[in-house]
Ligand SMILES: [Ca+2]
Ligand SMILES: [Ca+2]
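Numbering (my numbering), first residue to last: 3 to 149.
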């Protein structure tokens, strides 16, 4: 993007059809702090890699959809409990390649807006694509470490 495109879009949400965008999750499916127990997935607005929700209470003001940053008139976010709330793009017990999901395999630009309220461990993953077979781990994560 050129400077004018960046400035023109800096307070706007993505549409999901931007050139080169392979996945986009805006977490707008649920009602903030409402009863969302019937919802099971978050939508990929740029493709078909919808995420399956695991561990979420989906009621109340935690472990559920919540009010998000109000850059646009409607904006909800997901509140993760930090324990076992996870959104999977594939079945975690099966092996899939990034390429089979249409995700980049060599270069990637990743953006995630995250607000961490409490640090309960030395490191954490917000977004990742990993293989974890005991002592063998490969892939990438976008997260934090206090070390
Ligand atoms: Ca949102
Ligand atoms: Ca949970």
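For glycine and all other residues, C-beta sits at the position ideal for the given N, C-alpha and C. The structure presented is a predicted model; accordingly, all values stated were derived computationally and were not measured.
- Message: I'd like to know whether the C-beta atoms of residue 112 and residue 129 end up nearer to each other than 8 Å.
- Response: yes
- Proximity winner among 137, 144, 136, 133, relative to residue 126 (alpha-carbon distances): Between residue 126 and the set 137, 144, 136, 133, the nearest pair of CA atoms involves 144.
- Task: Under 6 Å Cβ to Cβ from residue 89, same chain only, skipping five residues before and after it: list those, please.
- Result: 44, 53, 55
- Which term fits residue 67, buried or exposed, when burial requires 16 or more other beta carbons within 10 angstroms of its beta carbon? buried
- Supposed close pair residue 84, residue 122 - CB separation, criterion 8 Å: Your pair residue 84 and residue 122 checks out as a contact, with CB atoms roughly 6 Å apart and the cut at 8 Å.
- Message: Distance check for residue 4 and residue 39, CA to CA, integer angstroms please.
- Response: 42 Å
- Message: So, under 8 Å CB-CB, residue 32 and residue 23 are touching, yes? Tell me the CB distance rounded to an integer number of Å.
- Response: About 23 Å; that fails the 8 Å criterion.
- Message: Relative to the C-alpha of residue 150, which candidate in 81, 12, 141 has its C-alpha closest?
- Response: One cannot answer for residue 150 here, as it falls past the ends of the chain, which runs 3 to 149.
- Taking a cut-off of 7 Å, which residues have a beta-carbon closer than that to any heavy atom of ligand 2, in chain order? Result (chain order): 57, 58, 59, 65, 83, 85, 86, 87.
- Query: Sorry if obvious, but does the Cβ on residue 70 come closer than 7 Å to a heavy atom of ligand 1?
  - Reply: yes
- Euclidean distance between Cα positions of residue 77 and residue 69: 7 Å
- Sequence-distant residues of the same chain with beta carbon closer than 6 Å to residue 18, five excluded per side: 26, 47, 48
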